[in-house]
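Participant: Protein chains in written order, with the working numbering: chain E, 80 to 383; chain U, 80 to 383.
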């Protein structure tokens, strides 16, 4: 039994993924409104998981809704915590969990807090790990794991791999883990291009989607430079083009999110959205992800 | 007739793309060795274009090999220049072109030089544009265009769109155009993560491919933050999370490509390659790209 604590977009997406893999889940959210209609949403998310993964339908895991936190975690073997990104709130939750369940791993979906910030709340910090999914978790394969405990780390890798995810483990605790640090670095330059008037929001997004984004969906950045180095690979690249890359780095922008830059971004995103609602854009993203994931299944493993 | 000047990986890839769309091409390279066996390679590349694009085979364009530059450009309506990235060399080439063809646009595939650096060689700079493809051009849709001439810009957008590409136009000349600036910004942090010992090369690449890279293959970075802002979209995101994003930016790494960092990268890429040759990795990348492109064709347009 897996307890899912916090049932917004992340929690319900985890539930779709986990039940698609036959796990029973028990849901808890302090706001009852979050749970209204959630069973139907989980059925839809599970369908997307199966289309993307292409695996034959296993028996669905069961979905139960708990009325109290104690009911949710009492019998749990794994606890996936998706509370808001506030350390004090998560600390309080962990103390309540400890009072009723002393053994199940507590996996925090936190994107912006670190293990070191979260663990002091627990008398047994060895049961805590950060397991950050990429949104939406039922489609995006990445789960970023950190815990200093080697046994728990191995157990977590097995657990998320068993959900068809691609778990990666950090050697050190880092704010933003890996993926959000990369995303933040890229976005800084994306903002700079707009702020400097080199291109508008939509043009920058199109360049990313049809260029580096597409390429990074099948090959990593380091490996791409290996291929960019000619017959000598990355060693040659670094020897010949390392210095010019380093000069390029110093020429990248360091924009500030001033009111006028923010206005350019809001206006540009508005133009790019072209009247589509957030829901329509997210649904289109997920339809495209389902298709791309299904395609990658066939051609990806040898390229990654 | 399209003249392709410089027939390394970029030139032959352009030839595969252009002939798949029914254009006749004439190839020239100062090193005859580059042209050995090129017809067979173009046939293979054309096959990949058609699988990726999913369009019914048009009549193939013809392929001719020129023995002199004058023969290549004499009758050309469009000139795609893929010479090495050295301004003096390209300047010299442009002067030779001017002597035998006074009217066809000269589109430079340059990745690192700018229009402003290249145009002074021409007595008629108005015929020059930068048209930077993303490697490999026969599969990657992006072409980044800059010319200050609005007519030529429109003509170039039509030309590359007619090749099934996604042309984007810059408002200002910029070193690295858009995509390589974004890629460089991301790679800086990717190097930092390795240099700081947070994760190894392969882990960083896996996090990118299964996380942000995959997402950016269907939705841009600006639009992703629009969806990350909750019901208020990017306006809410900027208001509530702008300050923390700006703090994150200042905490990103500014690594130097010292000998020890370079050694970590070379060793890490070597481990990730796991014995596969550059050719095997590039072929696997291209197989995966063909599949992903075919999948995106169906689900993409509404998400981009």
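Built from N, CA and C at the ideal position, the CB exists for glycine as well.
Just so you know, these numbers come straight off a predicted model, no measurement behind them.
Could you spell out where the beta strand (DSSP E) holding residue 160 (chain E) opens and where it closes?
Facilitator: 157-160
Participant: Quick one, which of U:201, U:193 and U:291 has its alpha-carbon nearest residue 175 (chain U)'s?
Facilitator: U:201
Participant: How is the beta strand (DSSP E) around residue 248 (chain U) delimited, first residue to last?
Facilitator: 245-248
Participant: Say whether the segment 297-311 of chain E touches the segment 313-330 of chain U, bearing in mind that this needs 3 or more beta-carbon pairs closer than 8 Å, one atom from each stretch.
Facilitator: no
Participant: Can you pull the chain E neighbours of residue 284 (chain U), defined as C-beta to C-beta under 7 Å?
Facilitator: 299, 300, 301 and 302
Participant: Taking 8 Å as the threshold (beta carbon to beta carbon), is residue 348 (chain E) in contact with chain U?
Facilitator: yes
Participant: Just the Cα atoms here: how many angstroms apart are residue 180 (chain E) and residue 82 (chain E)?
Facilitator: 11 Å
Participant: Looking at chain U, which residues of the segment 193-224 of chain E have a Cβ within less than 8 Å of any of its Cβ atoms?
Facilitator: 213, 214, 219, 220, 221 and 223
Participant: Since residue 223 (chain U) is in the beta strand (DSSP E), which residue starts that stretch and which ends it?
Facilitator: Unbroken beta strand (DSSP E) run through residue 223 (chain U): 221-225.
Participant: Quick check on the DSSP output: the beta strand (DSSP E) that includes residue 212 (chain U) runs from which residue to which?
Facilitator: 207-212
Participant: Tell me whether residue 195 (chain U) sits in a helix, a strand or coil according to DSSP, three-state version.
Facilitator: helix
Participant: To the nearest angstrom, report how far apart residue 94 (chain E) and residue 90 (chain U) are at their CA atoms.
Facilitator: 49 Å
Participant: Compute the Euclidean distance between the alpha carbons of residue 116 (chain E) and residue 144 (chain E), then round it to the nearest angstrom.
Facilitator: 11 Å
Participant: Secondary structure at residue 381 (chain E), three-state DSSP: helix, strand or coil?
Facilitator: The predicted model places residue 381 (chain E) with a pLDDT of 44, which falls under 50 and marks its position as unreliable; any figure quoted below should be read in that light. Of the three classes helix, strand and coil, the one that applies to residue 381 (chain E) here is coil, per DSSP.
Participant: Contact criterion: CB-CB distance below 8 Å. Does residue 187 (chain E) meet it with respect to chain U?
Facilitator: Not closer than 8 Å to any Cβ of chain U, the Cβ of residue 187 (chain E) fails to qualify, so no.
Participant: Can you pull out the residues from the segment 85-96 of chain U whose beta carbon lies closer than 8 Å to at least one beta carbon of chain E?
Facilitator: So nothing in the stretch comes that close.
Participant: Run through chain U and tell me which residues come within less than 7 Å of residue 280 (chain E), C-beta to C-beta.
Facilitator: 301
Participant: In the DSSP assignment, what are the bridge partners of residue 82 (chain E)?
Facilitator: E:105 and E:158
Participant: Just reading off the alpha helix (DSSP H) that residue 313 (chain U) is part of, what are its end residues?
Facilitator: 312-330
Participant: Do residue 296 (chain E) and residue 283 (chain U) count as a contact pair if the criterion is CB distance below 8 Å?
Facilitator: no
Participant: Residue 289 (chain U) CB to nearest chain E CB: under 8 Å?
Facilitator: yes
Participant: Are the CB atoms of residue 155 (chain U) and residue 192 (chain U) within a distance shorter than 8 Å?
Facilitator: no
Participant: Considering only the alpha carbon of each residue, which of E:345, E:318, E:173 and E:310 lies closest to residue 316 (chain U)?
Facilitator: E:345
Participant: In angstroms with no decimal places, state the Cα-to-Cα distance between residue 224 (chain E) and residue 187 (chain E).
Facilitator: 9 Å
Participant: Taking its Cβ as the centre, do 16 or more other Cβ atoms sit within 10 Å of residue 125 (chain U), making it buried, or is it exposed?
Facilitator: buried
Participant: Between the alpha carbons of residue 230 (chain E) and residue 267 (chain U), how many angstroms are there, rounded?
Facilitator: 32 Å
Participant: Note down the Cα distance separating residue 379 (chain U) from residue 363 (chain E), rounded to an integer number of angstroms.
Facilitator: Legend: pLDDT at residue 379 (chain U) = 48, less than 50; position of this residue unreliable, value from coordinates given subsequently. C-alpha separation (whole angstroms): 8 Å.
Participant: For a test of the three-state rule: what should DSSP assign to residue 376 (chain E), helix, strand or coil?
Facilitator: helix
Participant: Would you identify the three-state DSSP class for residue 186 (chain E), choosing helix, strand or coil?
Facilitator: strand
Participant: Let me know if residue 260 (chain U) comes out buried or exposed under the rule of 16 or more other beta-carbons within 10 Å of its beta-carbon.
Facilitator: buried
Participant: Can you tell me where the alpha helix (DSSP H) with residue 297 (chain E) in it begins and where it stops?
Facilitator: Note, residue 297 (chain E): premise wrong, no alpha helix (DSSP H); not H, not E.
Participant: Any C-beta of chain E sitting closer than 8 Å to the C-beta of residue 266 (chain U)?
Facilitator: yes
Participant: Counting Cβ pairs closer than 8 Å, one from the segment 347-360 of chain E and one from the segment 269-282 of chain E, do we hit at least three?
Facilitator: The answer is yes - the segment 269-282 of chain E touches the segment 347-360 of chain E, with three or more Cβ pairs under 8 Å.
Participant: Tell me the DSSP secondary structure of residue 345 (chain E) in three-state form.
Facilitator: helix
Participant: In the DSSP assignment, what residue or residues form a beta bridge with residue 360 (chain E)?
Facilitator: Its beta-bridge partners do not exist; DSSP assigns none.
Participant: My understanding is that residue 108 (chain E) touches residue 85 (chain E), with C-beta atoms under 8 Å, so please give their C-beta distance in whole angstroms.
Facilitator: Their Cβ separation, rounded to whole angstroms, is 6 Å, which keeps residue 108 (chain E) and residue 85 (chain E) in contact under 8 Å.
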